[in-house]
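Here the sequence shown is numbered in our numbering, starting from 6 and rising by one per residue.
Beneath this line is the structure, given in structure tokens, with notes to follow.
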Amino acid sequence: MFDVGQIEFVGNINGLWYGLLLYGVGILTFLYYEMTKKTPELRRLPQLDGMEEMVRVCAETNRPFLHTIGQSQDWSLIYVICAAQLLKHCAKIGGPLKVRLIVTGMVPAYVTLCSDFIRQGYVEGGHPELYNADDAIYMEGLGGYVAGTTSLISKLNCGGLALYGWLHSAAGMILSDMAYRVGALQFSALGGWEQNLGAATADYWVIGPETRQMATYVGGSRTERVSLACEDYIRWVYQALYIVGTIFFWIGIWS
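This is how it looks when you write it as structure tokens:
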């Protein structure tokens, strides 16, 4: 019989080999693209067309497009950067249409980052005069953030609402409900593998990996595209190992 320490040691060794295999796949994928100088192709997600349609609807109805960044989570920072890229894209295509973009959030650094990307988008769209620093609004505390953002949606009669990052389920439901009341189209690009209750009612939504893919498609570098390709291959191998392990598990039970 093995004692607890021996079993834990064997488990750690197996986990080490498992991790080395997955990371090895990612490293080999990275080396392949670096040696061949190829750039991975990204598929244009239909949700991106939906976001662009929201910009056009806001222009036709002369209503602002409000984007809001969720609460602070260490693992969600990458999705804040993705949100900034998507905001820049909206500003770039919305500039010629005179669309006003507003961003709210609970973290000052996140709001400032997104505001700067909006400015870049307006500049690239040929309409730098549309940028207004006052349209980047920081709100302290969850209660103040939810109350302030819902008030803006109602007061400004926003034509679109976009949710990004990590968002509390109750907060998402309240924001989504107010957007529904004023007839605003809704887009959700949260950071997880699933949507919370509020975001699930959005007209267009993407889960975490798709959020990164959309952002990389509209403004990512070659390095970001290679990084996504590496993650995809790692994910495929992970799923394959999971399936094989499940098959052997049931074979062991039946035998």
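We put the CB at the ideal spot given by N, CA and C, even for glycine.
Take Tyr84 as the anchor and find which of Ser193, Gln52 and Arg61 has the nearest alpha-carbon.
Ser193
Take the Cβ of Arg230 as the centre, count every other Cβ of all protein chains shown within 10 Å, and call the residue buried at 16 or more, exposed below.
buried
Whole beta strand (DSSP E) runs in the region 155-198 with 3 or more residues, listed along the chain?
165-170 and 190-195
Helix, strand or coil at Ala141 [DSSP, three-state]:
strand
Measuring only the C-alpha atoms, how far is Pro214 from Gly225?
14 Å
Let me check understanding here. Comparing Cα to Cα, which of Val104, Ala141, Ala167 and Trp255 lies closest to Phe122?
Ala141
Would Pro101 be called buried (16 or more neighbouring beta carbons within 10 Å of its own) or exposed?
exposed
Coil, strand or helix - Gly130 by DSSP:
coil
In terms of residue numbering, what span does the beta strand (DSSP E) encompassing Tyr209 cover?
Tyr209 to Val211
Buried or exposed (CB count within 10 angstroms, at least 16 for buried), Thr251
exposed
With distances taken Cα to Cα, identify the nearest neighbour of Gly31 among Asp237, Ile158 and Thr155.
Asp237
Have a look at Ile248, Val108 and Val151 and flag the residue whose alpha-carbon is nearest the alpha-carbon of Met178.
Val151
Between the CA atoms of Gly188 and Leu180 - distance to the nearest angstrom
12 Å
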